[in-house]
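**Student:** One structure is given below, represented as structure tokens, and several questions about it will come after.
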Amino acid sequence: MERNRTNSTSSPTVLDLFKQQNLPACKSVLTPAWVIATFMLIGFVFIPVGLVTLHASRSVVEIVDRYDVECVPKAFRGNKVSYIQDRSVPKNCSRFLKVHKHMKAPIYIYYQLDNYYQNHRRYVKSRSDQQLLHGLKYHDTTSCQPEEYKNDLPIVPCGLIAWSLFNDTFTFIRERAELKVDRKNIAWMSDREHKFGKSVYPINFQNGTLIGGAKLDTNIPLSDQEDLIVWMRTSALPSFRKLYGRIEEDLEADDVVRVNLMNNYNTYSFGGKKKIVLSTSGWLGGKNDFLGSAYVFVGSSSIILCFVFMLLHIKCPR
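Residues 1428 to 1745, numbered by the working numbering, are exactly what the sequence shown covers, in order.
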């Protein structure tokens, strides 16, 4: 009884005070002066930051060229799917890109796909992370279906993502001299080191009658096949770019770069688009006006609201 009396008279804990909503609190009083000053401060901070960000984005030089339509022979323009599926028809094509402004090395090469939903649930789950890292020893039948076997061995790497690996290729020529493209270190280091095994090699990959995309070198481990690593980091949006390589030479204004490409990848069956992108980079990365525009919009809106509240306060003061 004495113990119960002691517990009942003990002081309440912070948790008890929180549950009973008895904690000390303060509530700010938003006077007109504070509201007007706050909106004005937001505007004066956000607008300069937005202008600086926009300037950094506009300083990036970018060349974008869509090639999936022009690289189809005129005889097949009415049925592009039959063209891309016919292996007897040559898929080579040439495009000419004119440089309008000096591009300082490194110049990043991207391929861009539009209307391609890599975020589809079944597509995203169609991979075995354990198999990519450890090989056959940890083959995951929940991600790689049992039918993905050939000659009693599973396909490595398995799944739709690897099977649909992008297989268009590009060669760049300026004034009859080929531009060297560095295709090393295009994937994230964390992916190369921790997600793809250094002793895991492709097995039975693209050996069936149905070929989805690019093939892999069976003598090179998955950790060194960076095209695959870049492709398997799926995009969240239906329009995305993936890094193909880097040109380590400057391009001058009015230079014309000829792109010899192989138009192998089938985007015609689902209405997709293919583009080649050459881009420099700034201190904020590639060309993207959204962040700067958002800062300017929020800052401008705050200044407008500041003046509206100021006029209302002058007309109807408290």
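Beta carbons are placed, not taken as given, at the ideal position from N, Cα and C, and that holds for glycine.
With a threshold of 7 Å on Cβ separation, who are the neighbours of S1650 within its own chain once the five nearest residues in sequence on each side are excluded?
**Tutor:** Contacts found: R1619, F1623, G1624, K1625.
**Student:** Would you mind giving the Cβ-Cβ distance between N1542 and K1700, rounded to the nearest angstrom? I have them listed as a contact below 8 Å.
**Tutor:** 6 Å
**Student:** Considering Cα atoms alone, identify which of Y1692, H1740, I1703, V1704 is closest to R1514.
**Tutor:** Y1692
**Student:** Who are the near neighbours of D1609 in its chain, counting only those whose CB is closer than 7 Å to its CB and skipping five residues on each side?
**Tutor:** Its chain contains G1672, R1673, E1675 as the residues whose beta carbon lies nearer than 7 Å to that of D1609, once the 5 sequence neighbours on both sides are disregarded; these appear in chain order.
**Student:** Where does W1658 land, buried or exposed, given buried means 16+ other C-beta within 10 angstroms?
**Tutor:** buried
**Student:** Name, in chain order, the residues that DSSP records as bridge partners for K1701.
**Tutor:** L1540
**Student:** Ignoring anything shorter than 4 residues or poking outside the region 1648 to 1700, list the alpha helix (DSSP H) runs there in chain order.
**Tutor:** 1653 to 1659
**Student:** Report the residue ranges of all alpha helix (DSSP H) runs contained in full by the region 1581 to 1662; include only those spanning at least 4 residues, in chain order.
**Tutor:** 1587 to 1590, 1616 to 1621, 1653 to 1659
**Student:** Going by beta-carbon coordinates alone, are T1711 and A1483 separated by less than 8 Å?
**Tutor:** Residue identity check: residue 1711 is Leu in the sequence provided, not Thr. Contact flag set, yes.
**Student:** Can at least three beta-carbon pairs, one atom from the region 1464 to 1478 and one from the region 1719 to 1726, be found at a separation below 8 Å?
**Tutor:** yes
**Student:** Considering only the alpha carbon of each residue, which of N1690, T1465, T1598 lies closest to C1498?
**Tutor:** N1690
**Student:** What does the alpha-carbon distance come out to for the pair A1604 and T1598?
**Tutor:** Approximately 11 Å, taken between the alpha carbons.
**Student:** Would you decide whether I1791 is buried or exposed? Buried here means 16 or more other CB atoms lie within 10 Å of its CB.
**Tutor:** With the chain covering 1428 to 1745 only, the question about residue 1791 has no answer from this structure.
**Student:** S1553 lies in the alpha helix (DSSP H); which residues open and close that run?
**Tutor:** Taken as a continuous stretch (DSSP letters only), S1553 belongs to no alpha helix (DSSP H), as it is neither H nor E.
**Student:** Which value, in whole angstroms, describes the spacing of the CA atoms of Q1652 and N1646?
**Tutor:** 10 Å
**Student:** At 4 residues or longer, and completely inside the region 1497 to 1541: list those alpha helix (DSSP H) runs for me, N to C.
**Tutor:** 1507 to 1512
**Student:** Following the continuous beta strand (DSSP E) through D1492, name the residue where it begins and the one where it ends.
**Tutor:** 1489 to 1493
**Student:** Whose C-alpha, out of A1532, Y1494, K1531, is nearest the C-alpha of K1518?
**Tutor:** Comparing Cα-Cα distances from K1518 to each of A1532, Y1494, K1531, the minimum goes to Y1494.
**Student:** Rounded to a whole number of angstroms, what is the C-alpha to C-alpha distance between D1500 and I1613?
**Tutor:** Asp is not the amino acid found at residue 1500; the sequence shown has Pro there. So the two alpha carbons sit approximately 32 Å from each other.
**Student:** So the candidates are E1602, K1507, Q1557, L1563; which of them puts its Cα closest to the Cα of L1580?
**Tutor:** L1563
**Student:** For G1709, write down the residues that DSSP places opposite it in a beta bridge.
**Tutor:** G1712
**Student:** With DSSP collapsed to three states, give me the class of P1573.
**Tutor:** Because P1573 sits at a pLDDT of 45, beneath the cut-off of 50, its placement in the model cannot be relied upon, and the point is left open.
**Student:** For H1740, which of I1463, F1667, L1442 has the nearest alpha-carbon?
**Tutor:** I1463
**Student:** Identify whether L1444 lies in helix, strand or coil by the three-state DSSP scheme.
**Tutor:** helix
**Student:** Would you mind working out which of V1508, S1729, L1718, S1591 sits nearest G1639, comparing C-alpha positions?
**Tutor:** S1591
**Student:** Assuming the contact rule is C-beta atoms closer than 8 Å, I1630 and V1583 should be a hit. Round their C-beta distance to whole Å, please.
**Tutor:** 4 Å
**Student:** Under a three-way DSSP split, which group does C1733 fall into?
**Tutor:** helix
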